[in-house]
Amino acid sequence: MFYGWKIVATLFFVLMFSSGLGFYNHSVVLQALTLEKGFPITVASTAVSIFFFASGLAGLYIAALLEKYDVRLIMGVGTVIASLCLGALGEVNNQAQLYVLYALFGVGFSASGLLPATTLVARWFHKSRARALSVASTGLSVGGILVTPASATLIESQGMVVASPILGLVYLIGVLPLSLLILRSRPSDLGLDAEGTNRQSAMNINSQGLNLHQALRDSYFWRLNLAYVFVMMAQVGGIAHQYGLVSEQLSGREAALALGVLPLFSIIGRLAGGLLVDKLDATRFTTAMMLLQGLSLACMGYFASPVGLLIGLAIFGITVGNLLMLQPLLIAERYGLVQYSRIYAVSNLLTMMGIATGPVTMGYLFALTGTYGLAYLAAATAGLVAFGIFLGNRKPREVSPN
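Here it is in structure tokens:
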């Protein structure tokens, strides 16, 4: 078996724990911070936004480190930082502590999450890149299905003070050992070539493509990432407040179980999408997912019934699974591997503007109205704006450095 698939399997588990306790878990922690610690929803939502903004800024530096140092060192340090911050959340007593801790948590999450994971998949795979990326990133959704509901149950039964150190330890154990044992920065570290290549073609692939400055002069880069600002504004805002939304209509245990709907359909959508993207136009597929995301969020905001909510969550999950996978895939197809990690890091930082504003904007709308209906309709609008920006883009092609 090609060693790259061991890399993919490891990244699956890494992303399962990092997303289950980082990305998807924000909705659970946000709710606990407001109920147990007495933080206003606007303050807790701002902390989530700070987390993602710090993650994006740190990604620029982490991307440069990924080109120079062993990925295991970078992910190891990031994992330790993230686990310590998560473990300390239960001891937070004021707004300043909350914001500082969430900023550091974002830095650790950036170094132990999608940025190094997508960089490794891009380096290890060529012909089967979409499939490998879909399998690895399915760990994100499995984390939402298994880890986040368990976190919600633990926090609800034990409270943040008891639960936080346990969750921090789970993050550390779930990510660090496998990363150190299995991950390798490049195929050449083991005397191998990337999947779908031979030695000569691998050398050509690694030397072709655009550097960061050339990518920044390409209009496709800006259209893609402007659309993703609105995609992630809608997506992360919708994910961050989903526990509050379902709690309006379901009991505590039912609400915790409902958290599994979105990641479950994210898995189904991502695995199906990974197979389809190898055969279809990835840009058109991305456009369709953007439209579907906007419509699903509108469904969640408009239909005030458990059935309508669950249908909206399921459709939303399909789009979450695919849109998270498609951005790095489109970037790798368009710009090659010469400075992939740096180009993706800049893209990630730009989309962090949407990620950072989504949760806090929806939090303010909830505080204004007392319900989540208007907040989710605003998220739906952002999703449809992304669709409008990206509509009409053509299939990405690898462009010449000249």
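Taken in order, the sequence shown gives residues 1 to 402; the numbers are from UniProt numbering.
All C-beta atoms, glycine included, are put in the ideal place defined by N, C-alpha and C.
The structure presented is a predicted model; accordingly, all values stated were derived computationally and were not measured.
So the candidates are the options; which of them puts its Cα closest to the Cα of residue i?
i, options, result
"G238", "T283, F23, H126", "F23"
"V80", "P177, F2, A332, T46", "P177"
"L169", "V135, Y69, L86", "L86"
"G308", "L181, G373, S157, M232", "G373"
"L120", "S110, V107, L104, P187", "P187"
"residue 418", "G106, A63, D70, T371", "This structure leaves residue 418 out entirely; the chain is present only between 1 and 402."
"G38", "V320, F109, V92", "V92"
"V229", "F2, T287, N348", "N348"
"I267", "A379, L115, V385, L133", "L133"
"T286", "L323, I318, L264, F303", "L323"
"L212", "R342, E36, L167", "R342"
"V236", "A380, F303, L89", "A380"
"E36", "Y335, S157, L295, V14", "S157"
"P40", "R72, A367, P263", "A367"
"V8", "R334, A136, V338", "A136"
"V320", "L115, A272, A215, A117", "A272"
"G56", "V346, H26, M325", "V346"
"V338", "Q214, L384, D189, G317", "Q214"
"A130", "S27, E195, M1, F2", "E195"
"residue 463", "L60, F12, S179, F125", "The requested residue 463 does not occur in the structure, where the chain is confined to residues 1 to 402."
"N25", "G354, A227, V277, L167", "L167"
Residue i to residue j, Cα distance in whole Å?
i, j, result
"I173", "S18", "11 Å"
"P149", "V261", "11 Å"
"K6", "V360", "38 Å"
"A298", "Q95", "32 Å"
"M16", "R270", "14 Å"
"S112", "I74", "8 Å"
"M233", "P165", "30 Å"
"residue 403", "T283", "Nothing in the structure corresponds to residue 403, since the chain is present only between 1 and 402."
"M300", "Y376", "7 Å"
"G209", "L329", "14 Å"
"G139", "L350", "24 Å"
"Q293", "A54", "25 Å"
"S83", "G76", "11 Å"
"G392", "M362", "29 Å"
"G191", "A63", "24 Å"
"A122", "A332", "7 Å"
"T42", "L66", "35 Å"
"Y220", "K279", "22 Å"
"V231", "N225", "9 Å"
"Y344", "R184", "20 Å"
"G78", "V107", "7 Å"
"residue 421", "L146", "Examination of residue 421 is not possible in this model, given that the chain is present from 1 through 402 alone."
"S141", "R217", "34 Å"
"W222", "S251", "43 Å"
"L365", "S128", "43 Å"
"G274", "M352", "24 Å"
"T369", "L264", "30 Å"
"S151", "G90", "13 Å"
"A202", "D193", "With a pLDDT of only 47 at A202, under 50, the local geometry of the prediction cannot be trusted, and the value read off the model is given with reservation. For A202 and D193, the distance between alpha carbons rounds to 6 Å."
"G358", "G144", "19 Å"
"A240", "F52", "11 Å"
"Y171", "Y340", "27 Å"
"N402", "Q327", "Unreliable positioning characterises N402 in this predicted model, as indicated by a pLDDT of 48, which lies under 50. The coordinate reading is nonetheless provided below. If you take the alpha carbons of N402 and Q327, they lie about 24 Å apart."
"A288", "V277", "12 Å"
"I50", "S27", "14 Å"
"A378", "G317", "18 Å"
Is it buried or exposed, residue i, if we count other Cβ atoms within 10 angstroms and call 16 or more buried?
i, result
"T10", "buried"
"V162", "exposed"
"D281", "exposed"
"R253", "exposed"
"F390", "buried"
"S110", "buried"
"Q97", "exposed"
"S305", "exposed"
"G4", "buried"
"N204", "Because the pLDDT of N204 is 49, which lies under 50, any placement of that residue in the model is unreliable, and the number read from its coordinates should be weighed accordingly. When all chains shown are included, N204 counts as exposed."
"L115", "buried"
"L181", "exposed"
"M1", "exposed"
"T69", "Reading the sequence as shown, one finds Tyr at residue 69 and not Thr. Counting Cβ neighbours within 10 Å, Y69 comes out exposed, since fewer than 16 surround it."
"Y335", "buried"
Legend entry - contact_flag[the segment 248-267, the segment 300-313] where n(CB pairs < 8 Å) is 3 or more: yes
Inset, instruction - Decide if the segment 27-36 is in contact with the segment 229-249; the criterion is three or more beta carbon pairs, one per stretch, under 8 Å apart. - result: yes
Legend entry - Segments assigned alpha helix (DSSP H), at least 4 residues, entirely inside the segment 254-321: 261-277, 282-302
Inset, instruction - Determine contact between the segment 96-103 and the segment 35-55, defined as no fewer than three beta-carbon pairs at a distance below 8 Å. - result: yes
Legend entry - Any alpha helix (DSSP H) of 4 or more consecutive residues that is wholly inside the segment 13-42: 26-35
Inset, instruction - Starting from the N-terminal side, write out each stretch of the alpha helix (DSSP H) that is 4 residues or longer and does not extend beyond the segment 105-170. - result: 114-124, 129-142, 148-158
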